[in-house]
Each structure stands twice: as C-alpha cells, then as structure tokens.
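Here the structure comes first, spelled out in structure tokens, and everything after it is commentary.
Number of protein chains: 2
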Amino acid sequence: MKAKVTVTLREGILDTQGKAVEHALHSIGFTGVKNVRIGKHIEMDIDSADAAAVQRQADDICRKLLSNPVMEDFRVTVEEGK
Amino acid sequence: MKAKVTVTLREGILDTQGKAVEHALHSIGFTGVKNVRIGKHIEMDIDSADAAAVQRQADDICRKLLSNPVMEDFRVTVEEGK
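Residue numbers (our numbering), protein chains in the order written: chain D, 1361 to 1442; chain H, 1361 to 1442.
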C-alpha cells in the first residue's frame, strides 16, 4: 500500500529556503505571492494489506527518521488499493 | 488563497535520495518498505480571490521556478476560502 508523507516546518520557525524562493518569485514578477513555506514530500510502498497498520508504520517512520520533531510536523495519508 | 505544490521526480528517473532513505529504513528494521521517492512540498499564499487565476499562476510559477520540467512533474492544489 502506498503511504504519502508531507513534512513541513512548524509554524513560527523561520523558513529561509521559502524566503529565498519568495524573493526570487518577486524578482521575476510574481509580486502577489507571500508566505512561501517549503517542506518535503515522501512516497513509499509499505508491504501490508491493512491500512491502519500502514498508517501506524508510516507514523513510526516519520518520528524515527523522516522528521525532526523539534521543528517539523508531518502528515501521513495512506492510499488504499495500491 | 493558499496554493500547495508537490514536485516529484518523473517515473524512471533514479531517486538517489529515496534509495538512501530506503536503505536507512531497512537498517533500522523497516524491511517492508519499498520504492521510496522524495520530492518537494511548497505552500504559498497568492493574492487573488479567483481560484482559477490562482491555479494558473501557481502552474506558471512551477514551470518557471519550482520544477525542472526535464526530470520533474508537479501537482498544484488550491485551497479556497483561505
């Protein structure tokens, strides 16, 4: 089953990469763009037919490897039937 | 209005970062995980009340700055009412 994970910086943490992209967008004419935040998107296949088990394992993976819990949040979505 | 963008490597392009994460997951016991692919997640506020215009502008931003069209795909979702 496929699990999709989005890891984002917590609110209030300065996103320097996002700021750089925002400046670049302004300089090429997209002046109406604000609050650019950049995170990671991870997709993986987990070998299990039970959506709840896949969700639990993906949460565990995020806590142990993919995210830094001090400054990042994560969201997991499980795509059934894949 | 908030636009959310996901930029992923095209199918068939070797994802070395994903492979490294996959090896790391196997070595800490998550042996049922396969096909790890890593991409970027970008959120931004676009100053417009018209969802179609926001979508168009976000597509344009992806093509011009956020993605490399030779090796990456992107998906844009617009969150109305924000």
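We put the beta carbon where it would ideally sit given N, CA and C, even for glycine.
Where residue i sits in the DSSP three-state scheme
i, result
"H/T1322", "In the structure as shown, chain H starts at 1361 and stops at 1442, and residue 1322 of chain H therefore has no counterpart that could be examined."
"H/E1382", "helix"
"H/D1410", "coil"
"H/I1373", "coil"
Residue-level contact to chain C via CB, residue i, 8 Å cutoff
i, result
"H/N1395", "You won't find chain C in this structure, because its protein chains are D and H."
Contacts around residue i, its chain only, beta-carbon distance under 7 Å, and the 5 residues preceding and following it disregarded
i, result
"D/R1397", "T1368, L1369, D1375 and G1378"
"H/I1373", "M1431"
"D/D1419", "V1436"
"H/T1366", "G1399, H1401, F1434 and R1435"
"D/Q1415", "V1436 and V1438"
One or two residues paired with residue i in a DSSP bridge
i, result
"H/M1404", "H/A1363"
"H/R1450", "With chain H represented from 1361 up to 1442, any question about residue 1450 of chain H goes unanswered, as that position is not in the structure."
"D/I1398", "H/I1402"
Beta-carbon proximity list for residue i, same chain, < 8 Å, skipping 5 on both sides
i, result
"D/P1429", "R1423"
6 Å Cβ shell around residue i - same chain, five flanking residues per side excluded
i, result
"H/E1440", "A1411"
"D/I1421", "none"
"D/A1380", "none"
Give me the subset of the segment 1406–1418 of chain H whose CB atoms are less than 8 Å from a CB atom of chain D, sorted by chain position. I1406, D1407, S1408 and Q1417
Given 8 Å as the limit, is there contact between the segment 1389–1403 of chain H and the segment 1402–1409 of chain D, that is, 3 or more CB pairs closer than that? yes
With 7 Å as the C-beta to C-beta threshold (strictly closer), list the residues of the segment 1427–1440 of chain H near chain D in chain order. none
For the segment 1364–1375 of chain H, list every residue whose C-beta sits within 8 Å of some C-beta in chain D, in sequence order. T1366, V1367 and T1368
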